[in-house]
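Colleague: Heads up: take any position in the sequence shown, counting from 1, add 2, and you land on our numbering.
Beta carbons: idealized from backbone N, C-alpha and C, even for Gly.
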Amino acid sequence: MKTLTVDAVTVAYGRDRPVLHEVSVSVNPGQVLAVTGPSGAGKTTLLWTMAGLLRPMRGSVSVNSSQLRDRDHAVAERVVLIPQDNGLAAILTAQENIQVAMIAGGAPPADARRATVESLDRLGLTGQADQLVEELSGGQQQRTAIARGLALRGDVLLADEVTSELDAANRQRVMELLHEEARRGAAVVFATHDPEAAAGCDSEVHLADGAAQRVR
3 MKTLTVDAVT VAYGRDRPVL HEVSVSVNPG QVLAVTGPSG AGKTTLLWTM
53 AGLLRPMRGS VSVNSSQLRD RDHAVAERVV LIPQDNGLAA ILTAQENIQV
103 AMIAGGAPPA DARRATVESL DRLGLTGQAD QLVEELSGGQ QQRTAIARGL
153 ALRGDVLLAD EVTSELDAAN RQRVMELLHE EARRGAAVVF ATHDPEAAAG
203 CDSEVHLADG AAQRVR
């Protein structure tokens, strides 16, 4: 499995003041890192940079010794992002969203179907497999996006505010699944506003004013 390293990364949008300034953090296989901070602190920006979606002005993001160039490179390094806005295709069913992602990643159709059934079951969504995403509640859509991310079985798993739409029972279920991914050997990064969820992670980085402070 792989270590994710962010080395002195500075990220800005246009010519504005940097959203992230000289941020450094490392996540090893088997660890769950919580990224906390107020709204606008840069949590999503950090995860997008880790995922290869944003290019730093300065610094680098590496998976093991391979410096990420872009999103395609990150995908090749098995970096999976579960975005805050879920990123699902509304005109596809829950199971189709997962199967399409898996087949696009090279999984044989039969394996994709089997993994989709298993992943939806883990999120309590077996009954929603054939529903269009646009017919699902916000919480069900969020759990579908999580099911897709888990089915892809990345070496690095980035989860951006993935419990924000969930009730207490499903929040607990998702946290257990993220920790299961770490026990499988993945390096897991979890951005959250929830101090209780953050406290259950192995370590925590707090973002404020563009800088990162290691809490533990």
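Label Arg124 either buried or exposed according to how many other C-beta atoms from any shown protein chain fall within 10 Å of its C-beta, with 16 as the threshold for buried.
Modeller: Buried, because 16 or more other Cβ atoms sit within 10 Å of the Cβ of Arg124.
Colleague: For Asp216, write down the residues that DSSP places opposite it in a beta bridge.
Modeller: For clarity, residue 216 is Arg in the given sequence; the question names Asp instead. Val207, per the DSSP bridge assignment.
Colleague: What residue range does the beta strand (DSSP E) around Glu24 cover?
Modeller: Element bounds for Glu24: Leu22 to Val29.
Colleague: Would you mind reading off the limits of the alpha helix (DSSP H) that contains Val119?
Modeller: From DSSP, the alpha helix (DSSP H) with Val119 extends over Pro111 to Arg124.
Colleague: Please list the terminal residues of the continuous beta strand (DSSP E) segment that includes Arg60.
Modeller: From DSSP, the beta strand (DSSP E) with Arg60 extends over Arg60 to Val65.
Colleague: Is it the case that the Cβ atoms of Glu163 and Thr194 are separated by a distance below 8 Å?
Modeller: A contact, by the Cβ cut-off of 8 Å.
Colleague: From the DSSP output, in three-state form, read off Leu48 for me.
Modeller: Helix.
Colleague: Helix or strand or just coil, what does DSSP make of Asp169?
Modeller: Asp169 falls in the coil class under three-state DSSP.
Colleague: For the beta strand (DSSP E) containing Leu134, name the first residue and the last one.
Modeller: From DSSP, Leu134 is part of no beta strand (DSSP E); its letter is neither H nor E.
Colleague: With 16 other CB atoms within 10 Å as the buried threshold, where does Ala103 fall?
Modeller: When all chains shown are included, Ala103 counts as buried.
Colleague: Would DSSP call Asp241 helix, strand or coil?
Modeller: The structure shown does not extend to residue 241, since the chain is modelled only from 3 to 218, so the question has no answer here.
Colleague: Find the nearest neighbour of Pro20 within the set Leu127, Ala43 and Leu35, judged by alpha-carbon distance.
Modeller: Out of Leu127, Ala43 and Leu35, Ala43 has the C-alpha closest to the C-alpha of Pro20.
Colleague: Hey, out of Val207, Gly32, Thr95 and Leu55, whose CA is closest to Gln143's CA?
Modeller: For Gln143, the nearest C-alpha among the options comes from Thr95.
Colleague: Can the beta-carbon of Arg218 be found closer than 8 Å to that of Ser205?
Modeller: Yes, they are a contact pair.
Colleague: Among Leu35, Asp113 and Pro197, which has the Cα closest to the Cα of Gln97?
Modeller: When each option's Cα is compared against that of Gln97, the closest is Asp113.
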